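What follows is one structure encoded as structure tokens, with my remarks underneath.
There are 2 protein chains.
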Amino acid sequence: MLIKVNRKELTKHISIVQKAISQRTTMQILEGIKISAKNNSLTLTATDTEISIKTELNAIVEREGDIVINSRLFGDIIRKLENDIININVENYMMNLKCGDSIFNLSTQKADEYPDLPKVEENISIDISAKDLKNIVKKTTFAVSNDESRIVFTGVLMDIKKSYINFVALDGFRMAIQRLEKETGIENSIIIPSRSLNELVKIIDDEEDLKLNISRNNIVFKFNNTVFYSTLLSGDFFSYSALLRDEHKISTSVSKREFQLAVERASLLAREDRANLIKLNVKENYIDIKSNSEIGDVFEKVKTSEHDESLDIAFNSRYILDGVKILESEEIVLNFTDSVNPLIITEAENDSYIYLVLPVRLAG
Amino acid sequence: MLIKVNRKELTKHISIVQKAISQRTTMQILEGIKISAKNNSLTLTATDTEISIKTELNAIVEREGDIVINSRLFGDIIRKLENDIININVENYMMNLKCGDSIFNLSTQKADEYPDLPKVEENISIDISAKDLKNIVKKTTFAVSNDESRIVFTGVLMDIKKSYINFVALDGFRMAIQRLEKETGIENSIIIPSRSLNELVKIIDDEEDLKLNISRNNIVFKFNNTVFYSTLLSGDFFSYSALLRDEHKISTSVSKREFQLAVERASLLAREDRANLIKLNVKENYIDIKSNSEIGDVFEKVKTSEHDESLDIAFNSRYILDGVKILESEEIVLNFTDSVNPLIITEAENDSYIYLVLPVRLAG
Numbered sequence: 001m002l003i004k005v006n007r008k009e010l011t012k013h014i015s016i017v018q019k020a021i022s023q024r025t026t027m028q029i030l031e032g033i034k035i036s037a038k039n040n041s042l043t044l045t046a047t048d049t050e051i052s053i054k055t056e057l058n059a060i061v062e063r064e065g066d067i068v069i070n071s072r073l074f075g076d077i078i079r080k081l082e083n084d085i086i087n088i089n090v091e092n093y094m095m096n097l098k099c100g101d102s103i104f105n106l107s108t109q110k111a112d113e114y115p116d117l118p119k120v121e122e123n124i125s126i127d128i129s130a131k132d133l134k135n136i137v138k139k140t141t142f143a144v145s146n147d148e149s150r151i152v153f154t155g156v157l158m159d160i161k162k163s164y165i166n167f168v169a170l171d172g173f174r175m176a177i178q179r180l181e182k183e184t185g186i187e188n189s190i191i192i193p194s195r196s197l198n199e200l201v202k203i204i205d206d207e208e209d210l211k212l213n214i215s216r217n218n219i220v221f222k223f224n225n226t227v228f229y230s231t232l233l234s235g236d237f238f239s240y241s242a243l244l245r246d247e248h249k250i251s252t253s254v255s256k257r258e259f260q261l262a263v264e265r266a267s268l269l270a271r272e273d274r275a276n277l278i279k280l281n282v283k284e285n286y287i288d289i290k291s292n293s294e295i296g297d298v299f300e301k302v303k304t305s306e307h308d309e310s311l312d313i314a315f316n317s318r319y320i321l322d323g324v325k326i327l328e329s330e331e332i333v334l335n336f337t338d339s340v341n342p343l344i345i346t347e348a349e350n351d352s353y354i355y356l357v358l359p360v361r362l363a364g
Numbered sequence: 365m366l367i368k369v370n371r372k373e374l375t376k377h378i379s380i381v382q383k384a385i386s387q388r389t390t391m392q393i394l395e396g397i398k399i400s401a402k403n404n405s406l407t408l409t410a411t412d413t414e415i416s417i418k419t420e421l422n423a424i425v426e427r428e429g430d431i432v433i434n435s436r437l438f439g440d441i442i443r444k445l446e447n448d449i450i451n452i453n454v455e456n457y458m459m460n461l462k463c464g465d466s467i468f469n470l471s472t473q474k475a476d477e478y479p480d481l482p483k484v485e486e487n488i489s490i491d492i493s494a495k496d497l498k499n500i501v502k503k504t505t506f507a508v509s510n511d512e513s514r515i516v517f518t519g520v521l522m523d524i525k526k527s528y529i530n531f532v533a534l535d536g537f538r539m540a541i542q543r544l545e546k547e548t549g550i551e552n553s554i555i556i557p558s559r560s561l562n563e564l565v566k567i568i569d570d571e572e573d574l575k576l577n578i579s580r581n582n583i584v585f586k587f588n589n590t591v592f593y594s595t596l597l598s599g600d601f602f603s604y605s606a607l608l609r610d611e612h613k614i615s616t617s618v619s620k621r622e623f624q625l626a627v628e629r630a631s632l633l634a635r636e637d638r639a640n641l642i643k644l645n646v647k648e649n650y651i652d653i654k655s656n657s658e659i660g661d662v663f664e665k666v667k668t669s670e671h672d673e674s675l676d677i678a679f680n681s682r683y684i685l686d687g688v689k690i691l692e693s694e695e696i697v698l699n700f701t702d703s704v705n706p707l708i709i710t711e712a713e714n715d716s717y718i719y720l721v722l723p724v725r726l727a728g
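Chains R and Y, in that order, give the protein sequences.
Residue numbering for the first sequence is 1 to 364, as defined by the working numbering.
Residue numbering for the second sequence is 365 to 728, as defined by the working numbering.
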């Protein structure tokens, strides 16, 4: 391999593939980035076997070749160089790298020991904007379960319907559903590891459009010279639609900011010895929020729109706050049925997102 | 205690005294802030027995009193409140706090159980600007020892001479000396815990002037309604001036930025299996920097001013970088004697700071 490559471009593309490098791999070859030089183009590949990323950039390729080089060391070196052009020459698995007054000689590994990327038949193909994808990831992944023993719930369900897609995350205490209007013409559902989605959004620009391809075991996102692969989780998801309801006994709107701050303040006392327990007393035009602990108690009052009924209900404040914090509208709607059924929170002027929190049942 | 206090002012002053709250105290009373209300003024006090801070702010005091309240909880509550005015009423050690639609009832502790602040006789008094103090702390505290078994070297020596003060930090591998020109008229030396200095600079504004008072066991910094106390370390410091020299075999200037980046790049290979070992080959008008490890080797070349002699010398790059990074001049001066005596680094146009690094002796 004998190449000349622009330092800034190479730095950018190394940062992209490094999202697929695991810190905890036991296979030494997976600590490496595979570099393939061919036809005046460099292809960088990295994988942790769950996430795989391939990205291409232009380079002057005087002699083609493929090698694997330690990702962390190579990335750190390239980022610290100063001149615009990097000259790389690999002979007998030894890389000679020159840039300005810096010379590095680095040993590399054979590329043919590097694992193959997943083969993906393009049986389902969907276009999605980076903006929509980022919104979906922000509004769902926080609600997945951390319990590795129920692995499907560590992922986000992508429930594809003919004219929309529901993205659903839940952990047994709360559930988040983001709907995306999209004429897909098909029905299918897959479960994407939440970690894959969180890594993916780090490397897409806001203005990009992505193409999704789904096959039996993998999902692939293609954008801007880059291909991002993720394995899928297999298993049965929860039939989430049973939890949704259209009729609510109380449906009342509050200022998102006032409600969030009041719940945050009430949580300060409950955070340690009371498992974040807060009690809501929903009245005709306000909500009283109470909490207490050994050190004292707190009373908060939040104005709401008028409604007829009243209700006492208790929550783990953390689950309420997680969902309320990420909402973007000034007004949010709180939908209650009774003290044992979930609170359903929506944005006042946008029905595409639903956040549902189970109450805590109080003894007595 | 019955008071009205401005929320923003109270928030600011709580943040100041919280710098003296230890996360690891075993005495419950030290998790608290002492609040004394008297003569339309609130005094907040906190101490971890090494650092103590007292700060005053205006308040409307309708009934005087003193209590101790949990620092973390009280601070978090005050920061999360929204209205401008906070009403606090303490009766029978129970604090009732009202602000807007928020009501908190919090249990407090007796103030007479709170430890007294150090008594400081004002036998030595020195004025210093916040700007000078911040510079001193930035340029010395990073070089102190972390070894708690040699406690004096975890502090910064303040070596007071009649017309200047030397601030000195060292850990057996390198030494930093910042000189401050100051007509003190006295000679004395004390050792200030570096942690105290680092906490102090977090709470002083750039434009402030501070008054230092030194007594046998304590140093006190007074500024802007706040008094910051630190215990002193007792023991013999190293007679640092023996290490300084005026004559150098090689005295050569380099670009700070180029030298730093070259050493950083050379360190990338040496960081793991080679204890950051880099070798300098000082030539007549450049320095070659070399390093190697199992995975490869690196050669860097940095231009220097011309000089007659040449020299081979090796260093732990971390100790060079720690000192070079904080220098502010574009040109820095490297002063070498031989391969076993320290490298002395100074700024090209400012002789008030000296950074000294011991070389690594190579076998053979």
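In this text, a Cβ means the ideal position worked out from N, Cα and C, and glycines have one as well.
The model shown is predicted, which means the values in this text are computed figures rather than measured ones.
Item: Hey, is the stretch 451 to 471 of chain Y in contact with the stretch 292 to 304 of chain R, meaning 3+ C-beta pairs nearer than 8 Å?; Value: yes
Item: When the Cα of R:T55 is compared with those of R:F237, R:K222, R:L343, which residue comes out closest?; Value: R:K222
Item: Does the Cβ of R:E284 lie closer than 6 Å to at least one heavy atom of the ligand SAH?; Value: This structure lacks the ligand SAH, and indeed carries no ligand of any kind.
Item: Would you say R:S317 reaches chain A, if we count a Cβ-Cβ gap shorter than 7 Å as a contact?; Value: Absent here is chain A; the protein component of the structure consists of chains R and Y.
Item: Spatial neighbours of Y:L644 within its chain, please: C-beta separation below 6 Å, excluding the five flanking residues on both sides.; Value: I651, I653, I677
Item: Could you give the C-beta distance for Y:I709 and Y:V688, rounded to a whole number, given that I count them as a contact under 8 Å?; Value: 7 Å
Item: Does R:L277 have its Cβ less than 7 Å from a Cβ in chain Y?; Value: no
Item: Would a C-beta distance cut-off of 7 Å place R:N335 and R:S251 closer than the cut-off?; Value: yes
Item: Put Y:T411 into one of helix, strand or coil per three-state DSSP.; Value: strand
Item: At the level of alpha carbons, what is the spacing between Y:N552 and Y:V532?; Value: 14 Å
Item: Give me the chain Y residues within the contact set of R:I77, using Cβ-Cβ distance strictly less than 9 Å, ordered along the chain.; Value: R629, L632, L633, V662
Item: Just to confirm my understanding: we take R:A59, look at its own chain, exclude 5 residues before and 5 after, and list those with CB closer than 6 Å. What are they?; Value: I3, V5, L42
Item: From which residue to which residue does the alpha helix (DSSP H) around Y:E622 run?; Value: 620 to 634
Item: For a minimum of 3 consecutive residues, which ranges assigned as the beta strand (DSSP E) are wholly contained in the stretch 538 to 613 of chain Y?; Value: 538 to 545, 552 to 557, 573 to 578, 582 to 587, 590 to 595
Item: Are Y:I417 and Y:V381 closer than 7 Å when you measure CB to CB?; Value: yes
Item: At what residues does the alpha helix (DSSP H) containing Y:E373 begin and finish?; Value: 371 to 381
Item: Are R:F142 and R:D322 touching if we call contact CB-CB under 7 Å?; Value: yes
Item: Strictly under 7 Å for the Cβ-Cβ distance: is R:F104 near chain Y by that measure?; Value: yes
Item: Could you check whether Y:V484 and Y:V646 sit closer than 7 Å to each other, using their CB atoms as the reference points?; Value: no
Item: On a Cα-Cα basis, can you pick out the residue from R:N166, R:K12, R:D351 that is closest to R:S239?; Value: R:N166
Item: Can you name, in chain order, every residue of its own chain whose Cβ lies under 7 Å from the Cβ of R:I29, other than the five neighbours on each side?; Value: V68, Q109, E113, Y114
Item: Does DSSP put R:A348 in a helix, in a strand, or in coil?; Value: coil
Item: My parser needs the beta strand (DSSP E) runs of 3 or more residues fully inside the stretch 75 to 136 of chain R; what are they?; Value: 85 to 91, 94 to 99, 102 to 107, 124 to 129
Item: State whether the stretch 186 to 205 of chain R contacts the stretch 125 to 134 of chain R, with contact taken as three or more CB pairs (one from each stretch) at a distance under 8 Å.; Value: yes
Item: Would Y:A630 pass as a contact of Y:S657 if the rule is Cβ separation under 7 Å?; Value: no
Item: So is R:I186 buried or exposed if we call it buried at 16+ other beta carbons inside 10 Å?; Value: exposed
Item: Helix, strand or coil, according to DSSP, for Y:T504 in the structure here?; Value: helix
Item: Sorted by chain position, which residues of the same chain lie with C-beta nearer than 6 Å to Y:E373's C-beta, five sequence neighbours on each side aside?; Value: L421
Item: Using the beta-carbon count (16 or more within 10 Å), is R:E31 buried or exposed?; Value: buried
Item: With R:S317 as the anchor, note down where its alpha helix (DSSP H) starts and where it stops.; Value: 317 to 325
Item: Bridge partners for R:L73 per DSSP, in chain order?; Value: In DSSP, R:L73 forms no bridge with anything.
Item: Pull up the DSSP beta-bridge partners for R:N166, would you.; Value: R:D159, R:R179
Item: Taking 7 Å as the cut-off, decide whether the C-beta atoms of Y:I554 and Y:M522 are in contact.; Value: yes
Item: Could you give the residue range of the beta strand (DSSP E) that holds Y:V729?; Value: Look at the range of chain Y in this structure, 365 to 728, and you will see that residue 729 of chain Y is not part of it.
Item: Whose Cβ in chain R lies nearer than 8 Å to the Cβ of Y:E446?; Value: L261
Item: For the stretch 647 to 659 of chain Y, list every residue whose C-beta sits within 7 Å of some C-beta in chain R, in sequence order.; Value: I659
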